[in-house]
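Student: According to full-length UniProt numbering, the stretch in the sequence shown is residues 1 to 543, in order.
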Amino acid sequence: MATTRVPTTPFSDQRPGTSGLRKKVKVFQQPRYVENFIQAIFDNVEGAKGSTLVIGGDGRYYNEAVVQTALKMAAAHGFARILVGQKGLLSTPAASCVIRKHKAIGGLVLSASHNPGGPDGDFGIKFNMSHGGPAPESFTEAVFKRASAITEYAIVEGADIDLTRIGESKIGDTVVHVIDPVADYAELMEQLIDFNAVSELFRSGFRMRFDALNAITGPYAKAILEGRLGAPAGTVVNGEPMPDFGGHHPDPNPVHAHDLMELMMGPDAPDFGAASDGDGDRNMIVARGLFVTPSDSLAILTSHAHLAPGYAKGLSGVARSMPTSRAADRVAKKLGINFFETPTGWKFFANLLDAGLITLCGEESAGTGSNHIREKDGLWAVLLWLNILAVTKKPADQIVREHWAAYGRDYYTRHDYEELETAPANELMDALRAKLSTLPGQRFGELTVQECDDFAYTDPVDQSVTPKQGIRILFKEDARAVFRLSGTGTSGATLRVYLERFEPNAERHNLPTAGVLAPVTEAANAIAEIAKRTGRNEPSVIT
Ligand code: G6P
Ligand code: ZN
């Protein structure tokens, strides 16, 4: 089979964000759009000849067509071996696991994470490096530069590979190995989590619901929870990955996973509830009658991780993104382990993990992970929770309440103002920055500003500095408001306002979150002049 070199002209909009190139499906469907971008990636992969590449995606609309194109282009580029998930599927954490385990040079991960799918939804392509994590900005900028000047791409024309059957075939000289998308990942989980203890938990009558939201984690959760751990059939609901996620918005939070929330808050709630997102890296944890915030979940996993075999020796440290609540900080302090506060974005954890400075990390945006791979990992978080429940033999809500009693509770909420016009959203942030020096000492309703800044991060490993990562306002009353603009939206700007208040008194741990945070909300709205500058009186989403 011969390689064809096809002339092409650049598209001007192929600059990858933190999570690769994410656009509407319709944009990717333009002729040569996918080919140009993949060629620009391959042109930046050094040492491709003779090496192994991983390809897989979350099964959303257009996944399989892009997998076939990527296979033929990878063959033209001289990769010796390609590992591709059966039916073109690989969750993001599984892709990271496969890249590491098989010493691949990297992988193409096809996903737009928690964004809706289907022909009118979103699609995405990102490249992960040999450590299994997303490419750094130096790489993605080089890809953008290449894509902006591209004149041709190379492809081996030929019949599509049969992705339904596990096994080997060839495109030209390249061996294509269609792999079971679950096997390597399940094996890794078995090393980290006490599968016997969790099986015993299910045998004892423990019941849970895992809502896969018709996205990629369905096959993983079914194989591991129902298959290996003996959870009853039906534990995993919405378990079939669908190109449009069955119409679900596959973002595991109380708003989008409302069916699970309703069940867990109702009289028929099972012992435990969990959900994951489109590509399987996010997680949501719900105890009976109690939603566990991702910030609390990180703190609780940090204090209990040693109960699982993979972490029995203890943790070297923990990191959280800046807007994530300060709950994990207190646990780190008590355990005497490293603690880091990073900007939003999983990539900031990579250096800390590679250097062994941390073992666990997490974000308020429902991502939790550890040093086992270089992506966040939804199902892993659920399994670690199950391990903890199995060993402590306590209900999940009791674990949360005991955690609050020991460390205090961080009441926490996030207000999103979506699809704002870009100019006023930027002006709001600029105005906030401009008045930072005047805020300390000022009173807003019940609260007085103690200190504030525009968060800048110096990476402790390579000393690189990342400025302007969000405005932090700390109040004397141990409350905090954080403002930042989303880096992942696909239309307009999204303002995120993160609100929290620390409550050490256990007698005040069962109050409604919105009520406790009302003074913080009012102060934040006043300081940022949200209504005046955005024209919105209410956030579009509250989680
Ligand atoms: C992606 C990244 C996360 C990050 C999130 C923030 O999901 O993988 O690491 O926390 O985006 O999104 P935002 O829209 O708040 O910039
Ligand atoms: Zn995701």
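Just so it is clear, CB atoms sit at the ideal spot from N, CA and C, and this is done for glycine as well.
Alpha carbon to alpha carbon, how far is residue 613 from His-131?
Tutor: Beyond the ends of the chain as shown, which are 1 and 543, falls residue 613; an answer cannot be given.
Student: Run the CB neighbour count on His-258, radius 10 Å, all protein chains shown included, and call it buried at 16 or more, exposed below.
Tutor: exposed
Student: In terms of DSSP beta bridges, what is Ala-319 paired with?
Tutor: Phe-340 and Cys-361
Student: Compute the distance between the beta-carbons of His-415 and Val-520, then report whether it is under 8 Å.
Tutor: no
Student: May I ask you to verify whether the segment 51–67 touches the segment 101–111, counting CB pairs closer than 8 Å and requiring at least 3?
Tutor: The segment 51–67 and the segment 101–111 touch, with no fewer than 3 CB-CB distances between them shorter than 8 Å.
Student: In this structure, how does DSSP classify Tyr-62 when only helix, strand and coil are distinguished?
Tutor: coil
Student: Where does Ala-40 sit, in a helix, a strand or coil, going by DSSP?
Tutor: helix
Student: Report yes if the C-beta of Thr-488 is less than 7 Å from at least one heavy atom of ligand 1; otherwise report no.
Tutor: yes
Student: Are Lys-376 and Asp-453 touching if we call contact CB-CB under 8 Å?
Tutor: no
Student: Is Thr-18 near ligand 1, judged by its Cβ being under 7 Å from some heavy atom?
Tutor: yes
Student: Inspect the beta-carbon positions of Gly-408 and Thr-359 and report whether they are closer than 8 Å.
Tutor: Using a Cβ distance threshold of 8 Å, Gly-408 and Thr-359 do not count as a contacting pair.
Student: If we ignore side chains and look at the alpha-carbon of each, how far apart do Arg-401 and Asn-510 end up?
Tutor: 9 Å
Student: Just list the residues that DSSP pairs Phe-291 with in beta bridges.
Tutor: Answer is Val-286, bridged to Phe-291.
Student: Taking Ala-493 as part of the beta strand (DSSP E), name the residues at either end of that continuous run.
Tutor: Note, Ala-493: beta strand (DSSP E), 493–503.
Student: Could you tell me whether the Cβ atoms of Ile-216 and Leu-71 are closer together than 8 Å?
Tutor: Cβ atoms of Ile-216 and Leu-71: not closer than 8 Å.
Student: Which residue from Asn-36, Ala-269, Met-1 and Glu-190 puts its Cα closest to that of Gly-158?
Tutor: Met-1
Student: For a quick check, are the C-beta atoms of Met-189 and Trp-385 less than 8 Å apart?
Tutor: no
Student: Secondary structure at Ser-403, three-state DSSP: helix, strand or coil?
Tutor: At residue 403 the sequence reads His, which differs from the Ser that was named. In this structure, His-403 counts as helix in the three-state DSSP scheme.
Student: Count the C-beta pairs between the segment 436–452 and the segment 472–483 that are closer than 8 Å, then say yes if the count reaches three, no if not.
Tutor: yes
Student: Among Arg-203, Pro-241 and Ile-166, whose alpha-carbon lies nearest the alpha-carbon of Ala-221?
Tutor: Pro-241
Student: Taking 8 Å as the limit between beta carbons, can you name the residues of its chain near Asp-271, skipping five residues before and five after?
Tutor: The beta carbon of Asp-271 sits closer than 8 Å to those of Phe-206, Arg-207, Met-208, Arg-288, Leu-389, Pro-395 and Ala-396, all from its chain and outside the five residues before and after it, given in chain order.
Student: Under the rule that 16 or more other beta-carbon atoms within 10 Å means buried, what is Pro-119, buried or exposed?
Tutor: exposed
Student: With a CB to CB cut of under 7 Å and the five nearest residues on each side skipped, what residues in its chain are close to Asn-44?
Tutor: Counting only residues of its own chain and dropping the five nearest sequence neighbours on each side, Asn-44 has a CB closer than 7 Å to the CB of Phe-139, Ala-142, Val-143 and Arg-146.
Student: Within 10 angstroms of its Cβ, does Thr-151 collect 16 or more other Cβ (buried), or is it exposed?
Tutor: exposed
Student: Inspect the beta-carbon positions of Asn-253 and Gly-246 and report whether they are closer than 8 Å.
Tutor: No, these two residues do not count as a Cβ contact at 8 Å.
Student: Tell me whether the beta-carbon of Gln-68 lies closer than 8 Å to the beta-carbon of Asn-36.
Tutor: no
Student: Please tell me whether, using a cut-off of 7 Å, the distance from the CB of Gly-278 to the nearest non-hydrogen atom of ligand 2 is below it.
Tutor: It does: the Cβ of Gly-278 is within 7 Å (strictly closer) of some heavy atom of ligand 2.
Student: Under 8 Å, with one C-beta from each stretch per pair, do the segment 483–495 and the segment 418–428 reach the 3-pair mark?
Tutor: yes
Student: Report the three-state DSSP secondary structure of Ile-179 (helix, strand or coil).
Tutor: strand
Student: Closest to Ala-355 by CA distance: which of Ala-65, Asn-426 and Asn-338 is it?
Tutor: Asn-338
Student: Could you have a look at Met-265 and say whether DSSP puts it in helix, strand or coil?
Tutor: helix
Student: Residue 548 and Pro-243 look like a contact to me (Cβ under 8 Å); what is the Cβ gap, rounded to whole Å?
Tutor: No answer is possible for residue 548: it lies beyond the span of the chain, which begins at 1 and ends at 543.
Student: Count the other CB atoms within 10 Å of the CB of Ala-269; is the residue buried (16 or more) or exposed (fewer)?
Tutor: Burial call: buried.
Student: Looking only at its own chain, which residues have a Cβ that is under 7 Å from the Cβ of Pro-539, when we skip the five neighbours before and after it?
Tutor: If we look at Pro-539 and ignore the five residues flanking it on each side, its Cβ neighbours are His-415, Asp-416 and Tyr-417.
Student: When burial is assigned at 16 or more other CB atoms within 10 Å of the CB, is Ser-113 buried or exposed?
Tutor: buried
Student: Starting from Asp-211, follow the beta strand (DSSP E) in both directions and report where the run begins and ends.
Tutor: Annotation for Asp-211: the continuous beta strand (DSSP E) segment containing it runs 208–211.
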